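Following: one structure in structure tokens, then a few remarks.
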Amino acid sequence: MPPWPRVILHVDMDAFFASVVQLDQPELRGKPVLVGGSGKRGVVAAASYEARAFGCRSAQPTGVAMRLCPQAIIARPGPGRIRDQSERAFGVFERVTPLVQPLSIDEAFLDVTGSVRLLGEPRAIAERIRREVFEATGGLTCSVGVAPNKFLAKIASELDKPDGLVVIEPERVHEVLDPMLVGAIHGIGPAGEASLASLGVRTIGALRALPTEVVRERLGTFGERVHRLAQGLDDRPVRPDREAKSIGHERTFGEDLSDPEEVRGVLCAHAEDVARRLRKHARLARTVTIKVRYGNFETITRQRAIDDDHERPTDRTDAIWAAARALFEAWVRQFRPVRLIGVSVSGLSESGATETQMGLFGAPEATDERQRALDRAADAIAAKFGKNAVRRARSMRDGDDRSWW
Amino acid sequence: MKVICERAALLDAVNLVSGVVNNRSPRPQLACVKFDASADGELTLTGTDAEITLRLSLARVDVAEPGQALIPADKLRQIVSAEDNEPTLTIESDGDTAHIKGEDAHFQLHGFPADEFPAIPSFKSIADADPKTIFTTSAGTLSGLITRTLFAAARENSRYAINGVLLVRDGKKLEMVATDGRRLAKCSATTDAKSDPARCIIPSKALSMLLKLADEPEEPVHVAITDTRAVFAFGDDATDARATLSTSLVEGTFPPYEDVIPKDQDIKVTFDRDVLASAVRRAALLTNEESRGVRLAFKGETKALELSSRAPEMGEARIAVDLAGYDGDDIEIGFNPTFLTDALKVITDPEVVIELKAPNKPGLVKSGGDFLYVVMPVNLP
Numbered sequence: 062m063p064p065w066p067r068v069i070l071h072v073d074m075d076a077f078f079a080s081v082v083q084l085d086q087p088e089l090r091g092k093p094v095l096v097g098g099s100g101k102r103g104v105v106a107a108a109s110y111e112a113r114a115f116g117c118r119s120a121q122p123t124g125v126a127m128r129l130c131p132q133a134i135i136a137r138p139g140p141g142r143i144r145d146q147s148e149r150a151f152g153v154f155e156r157v158t159p160l161v162q163p164l165s166i167d168e169a170f171l172d173v174t175g176s177v178r179l180l181g182e183p184r185a186i187a188e189r190i191r192r193e194v195f196e197a198t199g200g201l202t203c204s205v206g207v208a209p210n211k212f213l214a215k216i217a218s219e220l221d222k223p224d225g226l227v228v229i230e231p232e233r234v235h236e237v238l239d240p241m242l243v244g245a246i247h248g249i250g251p252a253g254e255a256s257l258a259s260l261g262v263r264t265i266g267a268l269r270a271l272p273t274e275v276v277r278e279r280l281g282t283f284g285e286r287v288h289r290l291a292q293g294l295d296d297r298p299v300r301p302d303r304e305a306k307s308i309g310h311e312r313t314f315g316e317d318l319s320d321p322e323e324v325r326g327v328l329c330a331h332a333e334d335v336a337r338r339l340r341k342h343a344r345l346a347r348t349v350t351i352k353v354r355y356g357n358f359e360t361i362t363r364q365r366a367i368d369d370d371h372e373r374p375t376d377r378t379d380a381i382w383a384a385a386r387a388l389f390e391a392w393v394r395q396f397r398p399v400r401l402i403g404v405s406v407s408g409l410s411e412s413g414a415t416e417t418q419m420g421l422f423g424a425p426e427a428t429d430e431r432q433r434a435l436d437r438a439a440d441a442i443a444a445k446f447g448k449n450a451v452r453r454a455r456s457m458r459d460g461d462d463r464s465w466w
Numbered sequence: 107m108k109v110i111c112e113r114a115a116l117l118d119a120v121n122l123v124s125g126v127v128n129n130r131s132p133r134p135q136l137a138c139v140k141f142d143a144s145a146d147g148e149l150t151l152t153g154t155d156a157e158i159t160l161r162l163s164l165a166r167v168d169v170a171e172p173g174q175a176l177i178p179a180d181k182l183r184q185i186v187s188a189e190d191n192e193p194t195l196t197i198e199s200d201g202d203t204a205h206i207k208g209e210d211a212h213f214q215l216h217g218f219p220a221d222e223f224p225a226i227p228s229f230k231s232i233a234d235a236d237p238k239t240i241f242t243t244s245a246g247t248l249s250g251l252i253t254r255t256l257f258a259a260a261r262e263n264s265r266y267a268i269n270g271v272l273l274v275r276d277g278k279k280l281e282m283v284a285t286d287g288r289r290l291a292k293c294s295a296t297t298d299a300k301s302d303p304a305r306c307i308i309p310s311k312a313l314s315m316l317l318k319l320a321d322e323p324e325e326p327v328h329v330a331i332t333d334t335r336a337v338f339a340f341g342d343d344a345t346d347a348r349a350t351l352s353t354s355l356v357e358g359t360f361p362p363y364e365d366v367i368p369k370d371q372d373i374k375v376t377f378d379r380d381v382l383a384s385a386v387r388r389a390a391l392l393t394n395e396e397s398r399g400v401r402l403a404f405k406g407e408t409k410a411l412e413l414s415s416r417a418p419e420m421g422e423a424r425i426a427v428d429l430a431g432y433d434g435d436d437i438e439i440g441f442n443p444t445f446l447t448d449a450l451k452v453i454t455d456p457e458v459v460i461e462l463k464a465p466n467k468p469g470l471v472k473s474g475g476d477f478l479y480v481v482m483p484v485n486l487p
């Protein structure tokens with residue numbers, strides 16, 4: 062057997078939104094379920110496989126889907142459940158390889174080439190992922206395609222959906238690909254199909270047999286790439302989403318916090334931790350978001366721009382805490398005991414290369430420099446003695462029984 | 107109360123007054139417009155958001171029965187606006203219910219007893235109560251001052267004082283100053299007669315409303331300022347004004363703006379306003395969130411100004427402006443282009459003077475002797 066040049070996995074959760082709902086609401090299992098808007102202009106976000114049997118599919122207007130399948134049940138996932146489950150699945154992926162490229166909340170490419178020696182054959186890795194996703198999510202299935210590149214992996218995951226695993230070994234590429242219709246290649250639409258059909262070309266195998274020039278003539282500049290795909294060649298790398306879009310900390314409490322002052326303490330601790338991570342990764346942030354979840358799982362988020370007086374992105378703890386605090390104080394009038402508190406920052410840019418708008422009044426540069434010196438000192442202490450060795454006094458009142466000495 | 111109004115005039119008035127009203131006021135009475143029809147045939151509309159009160163006197167109206175009514179502002183505005191086939195509308199009150207009638211339409215709106223609306227002090231009562239100053243200017247002067255300063259005011263700054271515009275009265279001089287901490291606009295005018303000196307900070311919303319009211323440049327505007335309020339009455343006679351806007355003042359101390367207006371700039375360059383505005387606007391095309399600054403390089407040798415910008419992963423722009431008469435030193439300074447175009451947009455004079463000293467010192471934009479704009483540079487990396 063020839064060696065695998067690369068081992069690429071395409072993992073696609075099966076009817077993700079609908080499956081999450083069916084998992085959480087057992088009475089819906091085995092029934093046609095539509096997730097999405099139920100209003101007049103509602104659109105189906107996901108249809109369970111039972112509903113798909115009637116022709117329902119995602120992105121269909123709910124009204125159309127209901128006509129196709131009048132007995133379908135329109136359901137809604139619990140708040141935060143979609144993200145929670147997605148995070149669990151991605152957690153599994155990331156334990157297998159750092160090279161994870163999310164395509165959406167329920168779909169990803171994984172490059173596991175480097176994991177083969179550690180974790181075994183490509184098929185074994187895929188089986189392990191399917192098993193662990195099932196366990197981590199409490200019962201969700203996914204379909205995995207294993208192949209030497211992204212194009213083939215994606216085709217493979219479609220072949221045995223749902224709950225499937227298809228491996229396209231390098232030596233089986235033509236065997237699998239050749240009988241497929243040209244429309245299976247992403248980018249060949251009805252027009253391309255018609256154009257190729259006029260040459261008598263309907264299958265990928267026939268397309269592969271054409272000279273590249275002819276394909277280019279028919280399909281334009283895109284033709285060259287299509288011709289390579291028809292041969293099963295695709296060298297696009299798996300690009301992990303290294304550029305974090307946000308950095309955040311959140312904590313769920315064993316018992317709901319009912320004292321706003323305690324919540325402030327937690328917020329402050331989160332702000333400190335988030336700011337420290339920003340500095341560690343040499344990033345600046347523009348926006349702060351706080352997240353509050355009540356005992357009944359109702360969750361609210363509030364965000365605002367970080368105001369360090371000069372409208373510029375920052376990594377200063379005091380500025381991030383001030384913004385988080387301002388959000389909290391605006392909300393605190395509706396205070397109810399909270400189950401979870403989170404702080405995150407977004408609008409990230411690299412520190413160092415940014416320009417700074419000067420101010421008219423006072424000496425903000427001096428304040429800025431003093432705060433930065435404070436942050437640097439605190440970071441140095443944290444690096445040596447741990448992050449709880451030095452904290453703002455407020456964040457020590459966060460209801461946690463840490464030892465502070 | 108029963109009044110018959112010309113719809114177009116009523117719509118204009120209702121639009122203006124409901125612009126003040128806070129439709130989500132916790133007191134529903136305050137989300138209403140108060141109608142006040144007097145026995146001598148005058149109809150006034152009043153709206154308030156607890157800080158700003160606007161009272162308009164309506165022309166082209168027939169008072170059939172004097173009286174008062176409180177009508178929810180939002181629905182009133184929608185109805186008057188939608189009844190666009192009617193030349194006139196009849197508004198009648200019956201207890202707390204208002205009837206708005208057209209040819210083929212009859213709306214009944216549930217309102218509130220008119221006496222639940224807060225008492226609004228008149229211009230006269232404020233003028234009689236010994237204000238700090240009282241003077242008369244024109245609508246044109248007032249709108250010129252507002253247009254050329256309000257844009258520079260802060261929006262939601264934690265220093266509340268700069269979310270408004272400073273009004274300075276001294277002798278015949280009338281000035282407005284606004285800043286957001288990074289740039290500052292100051293505009294001056296004079297009035298015919300002297301009055302006592304006074305300073306106050308006017309909320310931005312009140313100034314936006316004044317701009318809408320000041321559509322007749324020649325119309326007199328009577329201004330009275332007390333410790334807590336400013337009142338503006340539009341019309342020949344302040345006690346019988348076409349429109350009266352009263353606003354509470356922004357509390358707090360305006361920053362010491364005189365100190366930040368540079369006095370000894372070395373480099374002074376005169377530009378055609380439109381040429382400079384176009385150059386800045388074009389250079390700004392290749393800026394983005396991360397790289398907002400535009401670099402202005404004044405070159406003595408080539409007698410030219412080069413504006414340049416760079417947006418990472420997008421590209422760069424270079425715009426050349428001829429400076430035939432330039433004999434100053436070379437200097438390179440960065441500015442947020444929006445700050446420059448904001449000012450160039452409101453300058454009426456065709457010529458502007460840019461004054462600079464150093465890349466880390468404020469730039470000064472002057473025009474027409476009455477407008478001055480200080481803008482802090484951007485430190486470009």
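Chains Y and C are the protein sequences, given in the same order. For what it's worth, my numbering labels the leading residue of the first sequence as 62, then goes sequentially. For what it's worth, my numbering labels the leading residue of the second sequence as 107, then goes sequentially. Virtual Cβ for every residue (Gly too), placed ideally from N, Cα, C. Since the structure is predicted, the reported quantities are computational estimates derived from the model, not experimental observations.
Give the residues from the segment 277–292 of chain C that approach chain Y closer than 8 Å (Cβ to any Cβ), ordered along the chain. 285, 287, 288, 289, 290
Contact belief for residue 169(Y) with residue 161(Y) at Cβ below 8 Å, rounded distance in angstroms: Residue 169(Y) sits at position 108 when you count from the first residue of the first sequence. Residue 161(Y) sits at position 100 when you count from the first residue of the first sequence. That pair is a contact at about 5 Å.
8 Å Cβ cutoff met for residue 388(Y) and residue 313(Y): Position 327 of the first sequence, counted from the start, is the residue given in the question as residue 388(Y). Position 252 of the first sequence, counted from the start, is the residue given in the question as residue 313(Y). Contact: no.
Does the contact criterion of 3 or more C-beta pairs under 8 Å hold for the segment 202–222 of chain Y versus the segment 86–99 of chain Y? no
Is any beta-carbon of chain Y found at less than 8 Å from that of residue 398(C)? Numbered from its first residue, the second sequence carries residue 398(C) at position 292. Closer than 8 Å to some Cβ of chain Y, the Cβ of residue 398(C) qualifies, so yes.
Any contact of the segment 249–267 of chain Y with the segment 224–234 of chain Y, i.e. 3+ C-beta pairs under 8 Å? no
The alpha helix (DSSP H) enclosing residue 467(C), as first and last residue numbers: Position 361 of the second sequence, counted from the first residue, corresponds to residue 467(C). Taken as a continuous stretch (DSSP letters only), residue 467(C) belongs to no alpha helix (DSSP H), as it is neither H nor E.
Hey, would you say residue 481(C) sits closer than 8 Å to residue 465(C), going by beta carbons? Locating residue 481(C) in the second sequence gives position 375, where the first residue counts as 1. Locating residue 465(C) in the second sequence gives position 359, where the first residue counts as 1. Not a contact, by the Cβ cut-off of 8 Å.
Return the chain-ordered list of same chain residues with a C-beta closer than 8 Å to the C-beta of residue 223(Y), the five sequence neighbours on each side being excluded. Against the first sequence, residue 223(Y) aligns to sequence position 162. Within the same chain, residue 223(Y) has close Cβ partners 75, 76, 110, 202, 204.
On the criterion of 16 or more Cβ atoms from any shown chain inside 10 Å, does residue 489(C) qualify as buried, or is it exposed? Because chain C spans 107 through 487 in this model, residue 489(C) falls outside it and cannot be assessed.
Counting only beta-carbon separations shorter than 8 Å, does residue 482(C) have a partner in chain B? The displayed structure is made up of protein chains Y and C, and chain B is not among them.
Run through chain Y and tell me which residues come within less than 8 Å of residue 469(C), C-beta to C-beta. Along the second sequence, one-based indexing puts residue 469(C) at 363. What residue 469(C) touches in chain Y: nothing, since even the nearest Cβ is about 11 Å away.
Enclosing alpha helix (DSSP H) for residue 235(Y) [first to last residue]: Walking along the first sequence from the start, residue 235(Y) turns up at place 174. From DSSP, the alpha helix (DSSP H) with residue 235(Y) extends over 234–238.
Could you give the DSSP three-state label for residue 489(C): helix, strand or coil? Nothing about residue 489(C) can be read from this structure; chain C reaches only from 107 to 487.
Rank 165(C), 267(C), 140(C) by C-alpha distance to the C-alpha of residue 115(C) and give the top, closest one. Indexing the second sequence from 1 puts residue 115(C) at position 9. Of 165(C), 267(C), 140(C), the residue nearest in Cα terms is 165(C).
Would residue 463(Y) pass as an interface residue toward chain C - the criterion being a Cβ-Cβ separation below 8 Å? Within the first sequence, the letter at position 402 stands for residue 463(Y). In this prediction, residue 463(Y) has a pLDDT of 38, which is less than 50 and means its spatial position is unreliable; nothing more can be read from the coordinates.
Which residues in the same chain have their Cβ closer than 6 Å to the Cβ of residue 382(C), if we skip the five residues on either side of it in sequence? Here residue 382(C) is taken as the residue at index 276 of the second sequence, counted from 1. Excluding sequence neighbours, residue 382(C) sits near nothing in its chain.
Name the chain C residues whose beta carbon is nearer than 9 Å to that of residue 148(Y)? Stepping through the first sequence from its first residue, residue 148(Y) is reached at position 87. Those within 9 Å of residue 148(Y) in chain C number zero; the least Cβ separation is about 28 Å.
Bridge-paired residues (DSSP) for residue 163(Y): As a working note, residue 163(Y) is residue 102 in the first sequence. In DSSP, residue 163(Y) forms a bridge with 169(Y).
Over the uninterrupted alpha helix (DSSP H) stretch that includes residue 288(Y), give me the two end residues. As a first step, residue 288(Y) is located in the first sequence; it is residue number 227 there, counting from the start. Element bounds for residue 288(Y): 283–291.
Please identify the residue among 270(Y), 139(Y), 408(Y), 195(Y) whose C-alpha is closest to the C-alpha of residue 73(Y). Position 12 of the first sequence, counted from the start, is the residue given in the question as residue 73(Y). Here the closest residue by C-alpha is 195(Y).
Rounded to whole angstroms, how far is the Cβ of residue 111(C) from the Cβ of residue 194(C), which I believe are closer than 8 Å? Counted from its first residue, the second sequence places residue 111(C) at position 5. Counted from its first residue, the second sequence places residue 194(C) at position 88. Going by Cβ atoms, the distance from residue 111(C) to residue 194(C) rounds to 6 Å, so yes, they are a contact pair.
Can you pull the chain Y neighbours of residue 486(C), defined as C-beta to C-beta under 7 Å? Residue 486(C) sits at position 380 when you count from the first residue of the second sequence. Simply 416.
From what residue to what residue does the alpha helix (DSSP H) around residue 388(Y) run? For the purposes of this step, residue 388(Y) is taken as residue 327 along the first sequence, with counting starting at 1. Here the alpha helix (DSSP H) through residue 388(Y) covers 378–392.
Beta-carbon proximity list for residue 322(C), same chain, < 7 Å, skipping 5 on both sides: Taking the second sequence and counting its residues from 1, one reaches residue 322(C) at position 216. Cβ neighbours of residue 322(C) beyond the five flanking positions: 245.
For residue 366(C), which residues in chain Y fall below 8 Å Cβ to Cβ? Residue 366(C) sits at position 260 when you count from the first residue of the second sequence. Neighbours of residue 366(C) on chain Y, chain order: 421, 422.
Whole-angstrom C-beta distance between residue 353(C) and residue 336(C), which should lie under 8 Å: Counting from 1 along the second sequence, the entry for residue 336(C) is found at position 230. Counting from 1 along the second sequence, the entry for residue 353(C) is found at position 247. The Cβ separation is near 6 Å, so the contact holds.
Rank 292(Y), 336(Y), 445(Y) by C-alpha distance to the C-alpha of residue 210(Y) and give the top, closest one. By one-based count along the first sequence, residue 210(Y) stands at place 149. Nearest C-alpha to residue 210(Y): 292(Y).
If I'm right that residue 423(C) touches residue 415(C) with Cβ under 8 Å, what's the distance once you round it to whole angstroms? As a first step, residue 423(C) must be located in the second sequence, where it is residue number 317. As a first step, residue 415(C) must be located in the second sequence, where it is residue number 309. Contact flag correct, Cβ pair sits at about 5 Å.
So which residues of chain Y does residue 466(C) contact, with C-beta pairs closer than 8 Å? Position 360 of the second sequence, counting from 1, holds the residue named residue 466(C). Under the 8 Å cutoff, chain Y gives 419.
Of all the residues that make up the segment 425–455 of chain C, which are near chain Y by a beta-carbon distance shorter than 7 Å? 440, 442
If you scan the segment 310–335 of chain C from start to end, which runs of the beta strand (DSSP E) of 3 or more residues do you find wholly inside it? 326–331
Could you check which residue in 378(Y), 396(Y), 453(Y), 362(Y) has the C-alpha nearest to that of residue 140(Y)? Start at 1 with the first residue of the first sequence, and residue 140(Y) comes out as number 79. Answer by Cα proximity: 362(Y).
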